[in-house]
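There are 2 protein chains.
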Amino acid sequence: MDYQYEDAVAILRRTPATLTSLLSGLPEAWTKSTEGPDTWSAFDIVGHLLHGEETDWLARTRVILEYGENRPFDSFNRTAMFEDYQGYSLDQLLAAFAQARAKNLTALDEIGITPEKLALTGAHPSLGMVTLSQLLSTWVVHDLNHIGQIVEVMSRQYAEAVGPWSIYLGILTRPIITE
Amino acid sequence: MDYQYEDAVAILRRTPATLTSLLSGLPEAWTKSTEGPDTWSAFDIVGHLLHGEETDWLARTRVILEYGENRPFDSFNRTAMFEDYQGYSLDQLLAAFAQARAKNLTALDEIGITPEKLALTGAHPSLGMVTLSQLLSTWVVHDLNHIGQIVEVMSRQYAEAVGPWSIYLGILTRPIITE
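If you read the sequences in order, they're chains A and B.
The opening position of the first sequence corresponds to residue 0 in numbering that gives the first Met the number 0, with each subsequent residue numbered one higher.
The opening position of the second sequence corresponds to residue 0 in numbering that gives the first Met the number 0, with each subsequent residue numbered one higher.
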């Protein structure tokens with residue numbers, strides 16, 4: 000499937016409500032637990048998504064549009080949420096994410112994505128040359144990846160509780176998601 | 000984390016709204032696409048979840064409570080949805096799932112889950128002896144597993160579109176979920 004603006008935005012627009020349906024009001028035993036050292040809780044992952052809205056996707060889009068490959072993207076701090084949102088409740092994070100996402104989708108709409116713009120290129124600090132189309136596709140898959148990571152970390156809290164059924168539940172046994 | 004009725008129901012109760020937020024109204028390019036032969040689309044997965052509500056979780060709970068290990072569970076037909084729900088729209092499947100789940104949670108509440116009941120045992124046709132606690136824990140992880148499978152199959156539609164970013168997106172590169 001090639002990147003199409005309307006298809007992509009259809010997913011991006013739904014993620015805040017999906018996360019709120021999944022997480023809001025859940026016991027912290029589900030939302031604050033990790034899979035072990037150096038892994039993220041659902042709370043951490045929502046913070047990471049919020050940080051991406053605030054610093055990554057739109058900022059890099061603008062760099063491509065304004066500078067092309069002449070100005071490499073700033074590096075994205077994958078763990079900034081551990082400092083930035085320490086005092087937040089999960090509901091505050093979810094609301095901030097919903098607000099930031101809505102604002103970014105409005106900004107993207109105002110930019111007016113065309114096939115010509117999608118072919119423009121930028122310089123990723125480690126991946127090298129990338130297109131705007133690849134950046135905007137990655138925004139979508141990044142959402143889906145982290146929804147997957149949230150259900151994974153929650154499921155692992157019941158890794159023992161399911162007993163012998165674990166052999167039928169790939170989410171419990173495959174290598175964990177760490178990105 | 001041990002099985003706790005309230006914690007478990009907190010997840011089970013949220014799944015219909017989560018799936019509706021994620022999927023309702025999405026283009027069929029997202030919801031009807033698979034990852035290749037013998038894999039399931041988001042539409043298929045919602046059908047599988049509905050079939051589980053109709054034939055599996057509550058039925059097996061009742062078998063344990065009424066017969067213990069004397070009557071093995073009926074086998075669960077993992078692919079029944081391909082025949083049972085052929086004419087359904089995705090929104091019809093989502094609504095039927097929400098209704099069936101609500102009915103099952105009411106029934107579970109009426110059963111009144113106690114520590115004594117959780118320790119009761121049944122006979123799984125291939126796994127052997129299982130407890131009610133394990134069955135009810137598996138119901139929760141099964142939901143999370145299939146939410147994970149849905150975001151995975153959708154993400155794979157953009158496996159090429161993300162270009163070099165795929166190396167940072169575990170959801171695109173790990174072995175697919177097939178259960």
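Yeah, the Cβ is synthetic: ideal placement off N, Cα and C, and Gly gets one too.
Listed by chain order, chain B residues near Pro26/A by CB distance under 9 Å: Going along chain B in sequence order, the residues near Pro26/A (Cβ under 9 Å) are Gln3, Glu5, Asp6 and Ala9.
So, at 7 Å on beta carbons, what are the nonlocal neighbours of Leu168/A in its own chain, with the 5 sequence-adjacent residues on each side left out? The residues are Val161.
Below 8 Å on C-beta distance, what does Met80/B contact in chain A? Near Met80/B there are no residues of chain A at all, since even the closest Cβ is about 17 Å away, more than 8 Å.
Candidates Arg155/A, Val150/A and Val139/A, of which the one nearest Leu57/A by Cα: Considering only alpha carbons, the answer is Val139/A.
Can you confirm whether the segment 9-18 of chain B touches the segment 3-15 of chain A when touching is taken to mean that 3 or more C-beta pairs between the two stretches lie within less than 8 Å? The way I'd put it, the segment 3-15 of chain A doesn't touch the segment 9-18 of chain B; fewer than three beta-carbon pairs between them come closer than 8 Å.
Alpha carbons only, please: which of Asn69/B, Pro163/B, Thr60/B and Leu22/B is nearest the one belonging to Asn103/B? Across the set Asn69/B, Pro163/B, Thr60/B and Leu22/B, the C-alpha of Thr60/B shows the shortest separation from the C-alpha of Asn103/B.
Apply the 10 Å Cβ neighbour rule to Gly111/B and answer buried if 16 or more other Cβ atoms are within range, or exposed otherwise. Exposed: under 16 other Cβ atoms inside 10 Å.
Would you mind reading off the limits of the beta strand (DSSP E) that contains Thr120/B? For Thr120/B, the enclosing beta strand (DSSP E) starts and ends at Thr120 to His123.
Tell me, please, whether the CB atom of Glu68/A is closer than 9 Å to any CB atom in chain B? Interface with chain B (9 Å Cβ-Cβ cutoff): Glu68/A is excluded.
Taking the DSSP output, what are the residues bridged to Gly127/A? Answer is His123/A.
Just how far apart, CA to CA, sit His141/B and Asn69/A? Roughly 48 Å between the two C-alpha positions.
Coarse secondary structure for Gln85/A, derived from DSSP in three states: Coil, per DSSP.
Neighbourhood of Ala122/B by C-beta distance below 6 Å, restricted to the same chain and skipping five residues each side: These residues qualify, in order along the chain: Glu68 and Pro71.
Within 9 Å (strictly less), CB to CB, does Val62/B reach chain A? Closer than 9 Å: no.
Cβ-based burial, Gly35/A [other Cβ within 10 Å; buried from 16]: Gly35/A comes out exposed.
Could you give the C-beta distance for Leu22/B and Leu93/B, rounded to a whole number, given that I count them as a contact under 8 Å? Right, their Cβ atoms sit about 7 Å apart.
Return the Cβ separation of Thr137/A and Trp29/B in integer angstroms, given the expectation that the two are a contact with Cβ distance under 8 Å. Between Trp29/B and Thr137/A the Cβ distance is about 16 Å, and since that is not below 8 Å, they are no contact.
Cβ closer than 7 Å: which chain B residues qualify as neighbours of Pro174/A? Close partners of Pro174/A in chain B (Cβ separation under 7 Å): Arg173.
Gly46/B (DSSP reduced to helix, strand or coil): Three-state DSSP puts Gly46/B in a helix.
Flag this pair as touching only if the segment 39-47 of chain A and the segment 81-98 of chain A have three or more C-beta atom pairs under 8 Å; answer yes or no. Taking 8 Å as the limit for Cβ pairs, the verdict is that the segment 81-98 of chain A does touch the segment 39-47 of chain A.
Using a cut-off of 9 Å between C-beta atoms, extract the partners of Trp29/B located in chain A. Within chain A, the residues near Trp29/B are Met0, Asp6, Ala9 and Ile10.
Residue of Ile63/A, Glu52/A, Thr54/A and Gly46/A minimising C-alpha distance to Gln133/A: Checked all of Ile63/A, Glu52/A, Thr54/A and Gly46/A; the closest Cα to Gln133/A is Ile63/A.
To the nearest whole angstrom, what separates the beta carbons of Pro174/A and Arg173/B, a pair I think is in contact under 8 Å? About 7 Å separates the two Cβ atoms, so the contact holds.
In chain order, what residues of the same chain have a beta carbon less than 8 Å from the beta carbon of Lys116/B, not counting five sequence neighbours either side? Short of 8 Å from the beta carbon of Lys116/B, and not among the five residues preceding or following it, lie these beta carbons of its own chain, in chain order: Leu64, Ile110 and Leu131.
Can you tell me which of the three DSSP states Ala101/B falls into? Helix at Ala101/B.
Met0/A and Tyr157/B - do their beta-carbons sit closer together than 9 Å? Contact: yes.
For chain A, is any of its Cβ atoms less than 9 Å away from the one on Thr54/B? No, Thr54/B lies away from the interface with chain A (no Cβ there is under 9 Å from its Cβ).
Check the Cβ-Cβ distances between Ala58/B and every residue of chain A, and say whether any is below 9 Å. With 9 Å as the cut-off, Ala58/B does not count as an interface residue toward chain A.
Our contact map puts Leu143/B next to Met153/A with C-beta atoms below 8 Å; I'd like the distance itself, whole angstroms only. With 8 Å as the limit, Leu143/B and Met153/A qualify as a contact, their Cβ atoms being about 6 Å apart.
If you compare alpha carbons, which of Ile170/B, Glu151/B and Ile166/B is closest to Ser32/B? Comparing Cα-Cα distances from Ser32/B to each of Ile170/B, Glu151/B and Ile166/B, the minimum goes to Glu151/B.
Starting from the beta carbon of Gln156/A, find every residue of chain B whose beta carbon is closer than 8 Å, and list them in chain order. Here the neighbours are Met0.
Within chain A, partners of Thr17/B - CB distance below 8 Å: In chain order: Thr17, Ser20 and Leu21.
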